[in-house]
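Residue numbers (this note's numbering): 6 to 304. From the three backbone atoms N, C-alpha and C, an ideal C-beta is built for every residue, glycine too. For reference, the structure is listed below as structure tokens.
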Amino acid sequence: MDFPQSVRLVEVSPRDGLQNESEPIDTATKLELIDRLGAAGIRHIEAASFVSPKWVPQMADHREVMNGLERRNDVTYSALTPNLKGLEAALECGVKEVAVFGAASETFSQKNINCSVAESLERFAPVLERAKDVGVRVRGYVSCVLGCPYEGEIAPAKVAEVSKALYAMGCYEVSLGDTIGTGTPLKAKRMLEAVAREIPMDKLAAHFHDTYGQAIVNLYAVLEEGVAVIDSSVAGLGGCPYAKGASGNVASEDVIYLLDGLGIESGIDLDLLAETGDWITQTIRRPNRSKVSVALAAR
Ligand code: HMG
Ligand code: MG
6 MDFPQSVRLV EVSPRDGLQN ESEPIDTATK LELIDRLGAA GIRHIEAASF VSPKWVPQMA
66 DHREVMNGLE RRNDVTYSAL TPNLKGLEAA LECGVKEVAV FGAASETFSQ KNINCSVAES
126 LERFAPVLER AKDVGVRVRG YVSCVLGCPY EGEIAPAKVA EVSKALYAMG CYEVSLGDTI
186 GTGTPLKAKR MLEAVAREIP MDKLAAHFHD TYGQAIVNLY AVLEEGVAVI DSSVAGLGGC
246 PYAKGASGNV ASEDVIYLLD GLGIESGIDL DLLAETGDWI TQTIRRPNRS KVSVALAAR
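Written as structure tokens, this is what we have:
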């Protein structure tokens, strides 16, 4: 398979990137981050998460974020909604796209959303029905596709099974999450091949974390297989509060540098993105994990 001609980047820093930060980040900073990402040419931004504030305090201002956005016409601002309660709140804020999030690991599912994988699918079904009724698109996530912090190895067949269920339920796209970043390229390819036997490749996204420094090489491997949607987080911000040891998402700057080098279109301005990565890491006093950003700043 050849590389795709263009890739759609789903920028998850306002949600996945910030959800694990222990110090409160003010809403104005989140809104400025989202605005800067849009200005850099990103067309899909995961802006907030309508989850329980007791579970993820950093996302407690989801309403303020969604209501405070200066929306650009060509940008999709999505939000996580684990259940109907989250969806209804998101709809009140005018959200046009939401995401449900399941897992290929039973233990992770329990720790993250307090129910089994089968129960999670039962909870998602009414979310998809309601979203369909009101014309809202739903994305599906599967976590732990290349390893689980509690169970270790995860069978590709299990990833395929959960992905297929989400797709059959009506998710327009399924994002495959290497939540703890333990994947390596051949493993990533094998997992993807198992899922792509059930779901068309153009309905799949790669959501890789960079805990072991493998995210870029794993992305290269799945790009070769034809994946054309990549989730990433500016400055490599990120981590999951319910996945011990999960460090940042793959850095958006590093992804764009890779895509530019391969001649794959993304429509994203690398310099503006790198500036945004420098700005947010200085603002929240975190190191910038993007090697590309650090190299550009040193020129
Ligand atoms: P639960 O305790 O089983 O839910 O939590 P419940 O229905 O029994 O409700 C308990 C309380 O939560 C009640 O409040 C509800 O009102 C409230 P109380 O009466 O105790 O005051 N509640 C809510 N509040 C706000 N928004 C809601 C909501 N639902 C219930 N939507 C629940 C179940 C799913 C809510 C909980 O487990 C939760 O919020 N989990 C969030 C976990 C999370 O956000 N994890 C990080 C995102 S996933 C991720 O990062 C992975 C990903 O990036 C991909 C990858 O990397 O692999 C996507
Ligand atoms: Mg993630």
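| message | Please classify Ser27 as buried or exposed, where buried requires at least 16 other C-beta atoms within 10 Å of its C-beta. | response | So Ser27 ends up on the exposed side.
| query | For the 8 Å Cβ check, are there 3 or more pairs between the segment 259-269 and the segment 19-35? | reply | Fewer than three beta-carbon pairs drawn from the segment 259-269 and the segment 19-35 are found closer than 8 Å, and the two stretches are therefore not classed as touching.
| Counting pairs of Cβ atoms below 8 Å between the segment 219-227 and the segment 244-252, do you hit three or more? | Counting C-beta pairs closer than 8 Å gives fewer than three between the segment 219-227 and the segment 244-252, which falls short of the contact rule.
| Which value, in whole angstroms, describes the spacing of the CA atoms of Ser148 and Leu267? | The alpha-carbon of Ser148 is positioned some 28 Å away from that of Leu267.
| Buried/exposed call for Leu191, threshold 16 Cβ in 10 Å | Residue environment: Leu191 is assigned as exposed (fewer than 16 neighbouring CB atoms within 10 Å of its CB, all protein chains considered).
| said: Going by the DSSP bridge assignment, what does Tyr146 pair with across the sheet? | reply: In DSSP, Tyr146 forms a bridge with Phe106, Ser180.
| request: Assign Val139 to one of two classes, buried (16 or more other C-beta atoms within 10 Å of its C-beta) or exposed (fewer than that). | output: If you draw a 10 Å sphere on the C-beta of Val139, you find fewer than 16 other C-beta atoms in it, and that means exposed.
| query | Ends of the beta strand (DSSP E) at Ile50? | reply | Boundaries of the beta strand (DSSP E) harbouring Ile50: 49-54, taken from the DSSP string.
| task | May I ask whether a heavy atom of ligand 1 can be found less than 7 Å away from the beta carbon of Pro161? | result | It does not: the Cβ of Pro161 is nowhere closer than 7 Å to a heavy atom of ligand 1.
| Where do the N-terminal and C-terminal ends of the beta strand (DSSP E) with Ile235 fall, by residue? | Per DSSP, Ile235 is one residue of the beta strand (DSSP E) stretching across 234-237.
| task | Give the single residue among Arg68, Gly73, Val167 whose Cα lies nearest to the Cα of Leu96. | result | Of the candidates Arg68, Gly73, Val167, the one whose C-alpha sits nearest the C-alpha of Leu96 is Arg68.
| Considering only residues of the same chain and omitting the five flanking positions on each side of Phe113, which have a CB-CB separation below 8 Å? | So the list reads Ser148, Cys149, Cys153, Pro154, Tyr155, Glu156, Thr184, Tyr247, Ala248, once near-sequence residues are dropped.
| Quick one: what's got a C-beta closer than 7 Å to Glu111's C-beta in the same chain, skipping five residues either side? | Ser121, Val122, listed in sequence order.
| said: Could you compute how far the alpha carbon of Ala193 sits from the alpha carbon of Glu75? | reply: Each residue's CA atom was taken as its position, placing Ala193 and Glu75 some 37 Å apart.
| Quick one: what does DSSP say Leu14 is sitting in, helix, strand or coil? | Strand.
| request: Could you give the DSSP three-state label for Ala84: helix, strand or coil? | output: Look at Ala84 here: in three-state DSSP terms it is strand.
| query | Hey, would you say Leu151 sits closer than 8 Å to Thr187, going by beta carbons? | reply | In contact: Leu151 and Thr187 (Cβ atoms closer than 8 Å).
| query | Is there contact here, the segment 294-303 with the segment 43-56, by at least three beta-carbon pairs under 8 Å? | reply | By the Cβ criterion, the segment 294-303 is not in contact with the segment 43-56, since fewer than three pairs of Cβ atoms, one from each stretch, lie closer than 8 Å.
| query | In whole angstroms, what separates the C-alpha of Val255 from that of Thr81? | reply | Note on geometry: alpha-carbon atoms of Val255 and Thr81 lie some 21 Å from one another.
| query | Cβ of Pro29 versus every heavy atom of ligand 4: is any distance shorter than 7 Å? | reply | Of the ligands one can find in the structure shown, namely ligand 1 and ligand 2, none is ligand 4.
| field | For Cys153, the residue or residues it bridges with in DSSP | value | Partner(s): Gly157.
| task | For Ala33, count neighbouring Cβ atoms within 10 angstroms of its own Cβ and tell me buried if that reaches 16, exposed if not. | result | It counts as exposed.
| Start and end of the beta strand (DSSP E) containing Val213? | With the sequence shown as reference, residue 213 is identified as Phe, and Val is not the correct amino acid for it. Taken as a continuous stretch (DSSP letters only), the beta strand (DSSP E) holding Phe213 covers 209-213.
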